[in-house]
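Trainee: Once you've had a glance at the structure underneath, I'll fire off some questions.
Protein chains: 2
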Amino acid sequence: MKTILILGAGLSSNMLIHYFIERAAKLNIKIRVGDKSHATAAAKTENCPQCSAFEFDIYNDIQCNKEVAKADLVISMLPARMHPLVARACIKHGRNMITASYAGSEIKEMDFEARKNGIVIMNECGVDPGIDHMSAMQMINNIGAKGYEMIAFESSTGGLVAPGFENNPWQYKFTWNPRNVVLAGQDGARFLHNGKFKYIPYHKLFNRTETIHVPGLGEFEVYGNRDSLTYRDTYKLHHLETMFRGTIRRPGFCEAWNIFVQLGATDDSYVMEDTENMTCREFINSFMAYRVDIPVEEKLSLYLGIPLNSSMMGRLQWLGIFEDTKIGKPGLTPAKVLQTILEKKWSLESGDKDMIVMQHQFDYMDGELRKKIYSTMTHIGKDSYNTAMAATVGLPVAITARLILEGKINLKGVHLPVIPEVYEPVLKELEQLGIRFVEEEVVIPRDISSV
Amino acid sequence: MKTILILGAGLSSNMLIHYFIERAAKLNIKIRVGDKSHATAAAKTENCPQCSAFEFDIYNDIQCNKEVAKADLVISMLPARMHPLVARACIKHGRNMITASYAGSEIKEMDFEARKNGIVIMNECGVDPGIDHMSAMQMINNIGAKGYEMIAFESSTGGLVAPGFENNPWQYKFTWNPRNVVLAGQDGARFLHNGKFKYIPYHKLFNRTETIHVPGLGEFEVYGNRDSLTYRDTYKLHHLETMFRGTIRRPGFCEAWNIFVQLGATDDSYVMEDTENMTCREFINSFMAYRVDIPVEEKLSLYLGIPLNSSMMGRLQWLGIFEDTKIGKPGLTPAKVLQTILEKKWSLESGDKDMIVMQHQFDYMDGELRKKIYSTMTHIGKDSYNTAMAATVGLPVAITARLILEGKINLKGVHLPVIPEVYEPVLKELEQLGIRFVEEEVVIPRDISSV
Chain A
12 MKTILILGAG
22 LSSNMLIHYF
32 IERAAKLNIK
42 IRVGDKSHAT
52 AAAKTENCPQ
62 CSAFEFDIYN
72 DIQCNKEVAK
82 ADLVISMLPA
92 RMHPLVARAC
102 IKHGRNMITA
112 SYAGSEIKEM
122 DFEARKNGIV
132 IMNECGVDPG
142 IDHMSAMQMI
152 NNIGAKGYEM
162 IAFESSTGGL
172 VAPGFENNPW
182 QYKFTWNPRN
192 VVLAGQDGAR
202 FLHNGKFKYI
212 PYHKLFNRTE
222 TIHVPGLGEF
232 EVYGNRDSLT
242 YRDTYKLHHL
252 ETMFRGTIRR
262 PGFCEAWNIF
272 VQLGATDDSY
282 VMEDTENMTC
292 REFINSFMAY
302 RVDIPVEEKL
312 SLYLGIPLNS
322 SMMGRLQWLG
332 IFEDTKIGKP
342 GLTPAKVLQT
352 ILEKKWSLES
362 GDKDMIVMQH
372 QFDYMDGELR
382 KKIYSTMTHI
392 GKDSYNTAMA
402 ATVGLPVAIT
412 ARLILEGKIN
422 LKGVHLPVIP
432 EVYEPVLKEL
442 EQLGIRFVEE
452 EVVIPRDISS
462 V
Chain B
12 MKTILILGAG
22 LSSNMLIHYF
32 IERAAKLNIK
42 IRVGDKSHAT
52 AAAKTENCPQ
62 CSAFEFDIYN
72 DIQCNKEVAK
82 ADLVISMLPA
92 RMHPLVARAC
102 IKHGRNMITA
112 SYAGSEIKEM
122 DFEARKNGIV
132 IMNECGVDPG
142 IDHMSAMQMI
152 NNIGAKGYEM
162 IAFESSTGGL
172 VAPGFENNPW
182 QYKFTWNPRN
192 VVLAGQDGAR
202 FLHNGKFKYI
212 PYHKLFNRTE
222 TIHVPGLGEF
232 EVYGNRDSLT
242 YRDTYKLHHL
252 ETMFRGTIRR
262 PGFCEAWNIF
272 VQLGATDDSY
282 VMEDTENMTC
292 REFINSFMAY
302 RVDIPVEEKL
312 SLYLGIPLNS
322 SMMGRLQWLG
332 IFEDTKIGKP
342 GLTPAKVLQT
352 ILEKKWSLES
362 GDKDMIVMQH
372 QFDYMDGELR
382 KKIYSTMTHI
392 GKDSYNTAMA
402 ATVGLPVAIT
412 ARLILEGKIN
422 LKGVHLPVIP
432 EVYEPVLKEL
442 EQLGIRFVEE
452 EVVIPRDISS
462 V
């Protein structure tokens with residue numbers, strides 16, 4: 012009987028835990044779920060005789076080592092910065108490890124030790140990063156196998172509310188970690204467009220959007236997602252003219268969100284004065300010059316060039332940012348004040364459903380013809396517990412973990428799921444579980460110089 | 012016979028070293044000057060029998076400890092990040108230490124140990140920080156001693172070219188560390204204006220300038236300098252309505268510099284692709300969207316809303332940023348590429364003179380009258396070796412060091428020069444050396460609500 016250790020029992024772990032509970036008897040496994048809150052871990056393992064839930068403190072080195080030593084495989088769904096602590100214990104005790112997070116430099120540097128101790132540390136096995144890598148790599152390898160030459164690769168993902176539930180002026184709600192939404196994009200974007208390297212700083216990111224069309228859902232907007240250039244190595248695509256990764260939002264979101272970016276309201280680098288007694292209106296006003304002859308709304312309109320009766324201004328007003336409501340919490344950064352305001356308005360209501368949208372575009376040469384494949388995945392959550400986010404993050408992690416546990420993946424060292432041995436079986440099972448891509452191919456003119 | 016150890020022999024150390032050479036016999040001291048370049052240290056100590064110059068490597072812990080142990084007093088003119096290494100050696104060997112840099116948290120945390128070992132670590136003894144603290148604190152204490160209540164404090168400093176030498180469209184040249192000029196302002200600004208806390212992010216800093224008038228020199232513009240709010244503690248001014256520190260530039264500089272900020276060309280957080288073969292024109296183009304139907308100049312004009320025939324565009328053109336000249340150095344960040352371009356144009360030519368301008372404004376209540384004191388210091392360099400920067404940074408450091416060496420300052424622990432025991436004698440001697448403030452007092456209407 013083998014033991015799976017799952018660390019972190021937040022929203023993203025719902026479907027992951029459920030996957031193993033459903034298969035516990037068949038797989039002959041015990042499932043140990045640790046979370047900083049015992050109640051959270053316990054709630055997700057109720058009525059499961061093979062499960063045990065416990066309070067877990069990642070900074071308790073003794074507990075971490077004890078738990079890892081007892082397990083046959085470790086899944087870390089903790090915040091990314093905590094993975095190195097788990098990884099060190101996994102290397103020490105020779106246990107395989109899976110995460111849904113970007114492999115940071117600290118993790119990457121553990122490759123040699125992981126190999127030496129005969130374990131795999133498999134990162135980026137969620138949705139983005141995760142399913143994006145797997146599905147992109149499958150298509151890239153298929154195109155290569157036919158002898159075609161890839162020219163351009165663009166890939167975008169968004170966590171959104173499902174159609175019918177986008178019932179606020181932003182057509183947006185928090186379907187994952189609100190803090191990450193507020194801080195998204197702060198590293199700017201770097202990519203390759205028609206042979207030219209392009210760099211966008213954070214304060215221009217939300218005003219440099221592209222439009223994509225998603226079959227059955229219509230138009231969305233996309234802003235650049237961090238450093239796309241590193242994926243030339245990851246995907247072994249060194250001769251592309253275009254390489255772009257982006258984040259998907261509904262039309263109009265970015266221009267309104269950009270107001271907060273322009274003001275400096277998403278800054279997380281310093282603590283504001285007396286946020287306990289500050290009102291929403293004072294918060295917004297603090298980013299604009301002193302001036303008492305006109306109201307704050309008009310100041311904002313003049314400062315950022317936003318008409319007073321525009322939809323952007325309507326979105327701000329709906330959030331209540333011009334109201335005299337107190338923030339009521341001390342010691343916050345601007346980003347945390349903004350998060351506090353947004354959480355009152357953007358939280359999923361009971362009955363709301365979320366949606367994940369992912370679209371890849373692959374351009375390649377078939378003889379003299381330039382062809383483009385659109386490969387699109389949309390997945391709608393069942394309810395506010397079994398969300399699309401929980402499914403698309405948790406299930407690929409779960410499947411990868413099961414394959415490793417069963418010895419069907421035999422890699423050693425630090426890896427991403429860009430290897431056929433990993434992505435082929437995972438994508439196949441995801442498809443059986445309802446997470447699938449739809450493809451469309453078109454022939455496009457050779458000269459697509461977008462202007 | 013006592014020994015003074017001076018670490019770092021760059022431009023800012025010129026006058027400091029000269030000060031001690033001139034007084035070496037009278038003070039009965041030996042002067043040891045260490046620099047990463049032996050030649051630099053040697054050039055500045057030529058023909059001085061009391062001096063010795065040597066190659067100094069701050070990361071050589073043995074050398075650092077040996078040199079500190081041999082000295083009676085240590086002056087660190089090294090880059091600020093290196094001060095903690097020097098400070099640790101000073102604590103270990105019980106040697107007093109003086110710097111011209113901001114006291115970072117690492118230095119501040121050494122207060123207890125410094126006291127325990129009976130030494131003073133005196134920071135921020137240059138011009139800004141340095142003379143600004145001393146002169147402001149003297150006036151604030153004078154106003155307080157008369158029983159008046161301070162209402163507002165604004166203080167700005169700029170390192171500029173002297174009148175007659177501002178012979179380029181920017182009216183600016185590098186008179187100190189070019190890298191610091193390129194990175195200036197990246198922390199944004201936080202201050203207090205008429206009772207309201209104000210926060211400006213970096214990307215808005217250069218478009219939120221104020222104008223000041225300097226007697227005899229005319230108008231200058233000022234942008235906010237980091238966190239002015241911390242000076243409420245430093246200066247013990249807790250009931251002010253306005254507290255602002257700024258950086259002075261000639262009119263028109265900030266709006267043109269802002270173009271680089273908006274583009275993202277001052278970013279120092281990532282390395283660009285192939286900067287060796289990149290041209291200036293490609294550098295600028297890389298921050299704008301792909302588009303081949305119009306020239307780069309026109310793209311920039313449209314992107315940032317800058318008329319093609321404006322003075323801003325003229326400033327850019329004069330820098331050569333639209334030319335096909337290669338950068339020629341590999342592995343650079345945007346900030347370093349920009350610095351490379353600017354250094355060709357903004358370097359001081361032989362015969363050029365620099366200038367330091369500092370202006371404080373103190374508002375206080377004298378009964379029912381609101382009064383404002385303008386206190387202004389302008390200092391022009393003698394030549395490109397004896398610059399105003401070298402004088403105003405080096406001389407207050409030198410004087411403070413001499414006073415400590417002679418036992419006339421007897422503080423222990425980590426300090427700034429905001430104590431009368433320090434600033435009174437230093438300001439007095441600076442005045443004898445030609446660095447002095449001119450004051451003007453006006454009565455202003457009670458309600459100055461600037462709009």
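In the order they appear, the protein sequences are chains A and B.
With my numbering applied, the first sequence corresponds to residues 12 to 462, in that order.
With my numbering applied, the second sequence corresponds to residues 12 to 462, in that order.
We put the CB at the ideal spot given by N, CA and C, even for glycine.
Can you pull the chain A neighbours of G275 of chain B, defined as C-beta to C-beta under 9 angstroms?
Mentor: G199, Y210, I211, P212, Y213, H214, K215
Trainee: In the DSSP assignment, what are the bridge partners of N107 of chain A?
Mentor: A:L84
Trainee: What's the gap between the Cα of L89 of chain B and the Cα of G19 of chain B?
Mentor: 5 angstroms
Trainee: Using a beta-carbon distance cut-off of less than 9 angstroms, what residues from the segment 288 to 304 of chain B approach chain A?
Mentor: M289, E293, N296, S297, F298, M299, A300, Y301, R302, V303, D304
Trainee: Along the beta strand (DSSP E) that carries H204 of chain A, what are the first and last residues, could you check?
Mentor: 200 to 204
Trainee: Near L240 of chain A, which residues of its chain fall below 7 angstroms by C-beta distance, leaving aside the five closest residues on each side in sequence?
Mentor: Spatial neighbours of L240 of chain A in its own chain (CB-CB distance under 7 angstroms, excluding positions within 5 residues in sequence) are listed in chain order as R201, F202, L203, M254.
Trainee: Residues in the same chain with beta-carbon distance under 7 angstroms from R326 of chain A, minus the five sequence neighbours each way, listed in chain order, please.
Mentor: P180, W181, A267
Trainee: Quick one: what does DSSP say E78 of chain A is sitting in, helix, strand or coil?
Mentor: helix
Trainee: What number of angstroms, rounded off, separates the C-alpha of P174 of chain A from the C-alpha of E135 of chain A?
Mentor: 28 angstroms
Trainee: Consider the C-beta atom of R260 of chain B and the heavy atoms of the ligand SAM; say whether any pair is separated by less than 7 angstroms.
Mentor: The ligand SAM is not among the ligands present in this structure, which contains no ligands whatsoever.
Trainee: Put D377 of chain B into one of helix, strand or coil per three-state DSSP.
Mentor: Three-state result, D377 of chain B: strand.
Trainee: Ordered along the chain, which non-local residues of its own chain (more than five positions away) have a Cβ less than 8 angstroms from that of S322 of chain B?
Mentor: Hits under 8 angstroms: P180, G263, A267.
Trainee: Got a sec, what are the start and stop residues for the alpha helix (DSSP H) I154 of chain A sits in?
Mentor: 142 to 156
Trainee: Determine the burial state of G105 of chain B: buried for a count of at least 16 other Cβ atoms within 10 Å of its Cβ, exposed for fewer.
Mentor: Exposed, since its Cβ has fewer than 16 Cβ neighbours within 10 Å.
Trainee: In this structure, does DSSP put G325 of chain B in helix, strand or coil?
Mentor: Helix at G325 of chain B.
Trainee: Can you check whether the C-beta of R261 of chain A is within less than 8 angstroms of a C-beta belonging to chain B?
Mentor: No, its Cβ sits nowhere closer than 8 angstroms to a Cβ of chain B.
Trainee: Using a Cβ cut-off of 8 angstroms, pull out every chain A residue sitting near P345 of chain B, in sequence order please.
Mentor: Y210
Trainee: Measure the Cβ-Cβ separation of L274 of chain A and I295 of chain A and say whether it is below 8 angstroms.
Mentor: yes
Trainee: Does the Cβ-Cβ distance between I154 of chain A and Y375 of chain A come in under 8 angstroms?
Mentor: yes
Trainee: In the DSSP assignment, find the unbroken alpha helix (DSSP H) run with R292 of chain A in it and report its ends.
Mentor: 291 to 296
Trainee: I think I338 of chain B touches T286 of chain B, with their Cβ atoms under 8 angstroms apart; what is that distance to the nearest whole Å?
Mentor: 5 angstroms
Trainee: Using DSSP bridges, identify the partner residues of H224 of chain A.
Mentor: In the DSSP output, where bridge partners are listed per residue, H224 of chain A has A:E230.
Trainee: I need the straight-line Cα distance from I367 of chain A to G170 of chain A, nearest angstrom please.
Mentor: 5 angstroms
Trainee: Suppose you measure from the CA of G445 of chain A to the CA of A125 of chain A; what does that come to, to the nearest Å?
Mentor: Looking at the backbone, the Cα of G445 of chain A and that of A125 of chain A are separated by about 34 angstroms.
Trainee: Less than 8 angstroms between the CB atoms is what I'm expecting for G257 of chain A and S167 of chain A, so what's the real figure, rounded?
Mentor: 4 angstroms
Trainee: Thinking C-beta only, is Y159 of chain A closer than 8 angstroms to V429 of chain A?
Mentor: No. Outside cutoff.
Trainee: What are the start and end residues of the alpha helix (DSSP H) that includes R243 of chain A?
Mentor: 242 to 245
Trainee: Please identify the residue among A:Q149, A:V449, A:Y396 whose C-alpha is closest to the C-alpha of S23 of chain A.
Mentor: A:Y396
Trainee: Helix, strand or coil for S23 of chain A? Go by DSSP, reduced to three states.
Mentor: S23 of chain A falls in the helix class under three-state DSSP.
Trainee: Quick one: is E284 of chain B near chain A, going by C-beta distance under 8 angstroms?
Mentor: yes
Trainee: Examine the Cβ distances between the segment 145 to 154 of chain B and the segment 381 to 391 of chain B and report whether three or more of them are shorter than 8 angstroms.
Mentor: yes
Trainee: Any idea what DSSP makes of M93 of chain A, helix, strand or coil?
Mentor: helix
Trainee: Could you tell me whether any Cβ in chain A is nearer than 8 angstroms to the Cβ of Y489 of chain B?
Mentor: Given a span of 12 to 462 for chain B in the structure shown, any question on residue 489 of chain B remains unanswerable.
Trainee: Flag I455 of chain B as yes if its beta-carbon sits less than 8 angstroms from any beta-carbon of chain A, otherwise no.
Mentor: no
Trainee: Leaving out five residues before and five after P60 of chain B in sequence, what residues of the same chain have Cβ atoms less than 6 angstroms from its Cβ?
Mentor: Leaving aside the five residues that flank P60 of chain B on each side, none in its chain has a CB nearer than 6 angstroms to its CB.
Trainee: Check whether chain B comes within 8 angstroms of Y385 of chain A, counting only Cβ atoms and requiring the distance to be less than that.
Mentor: no
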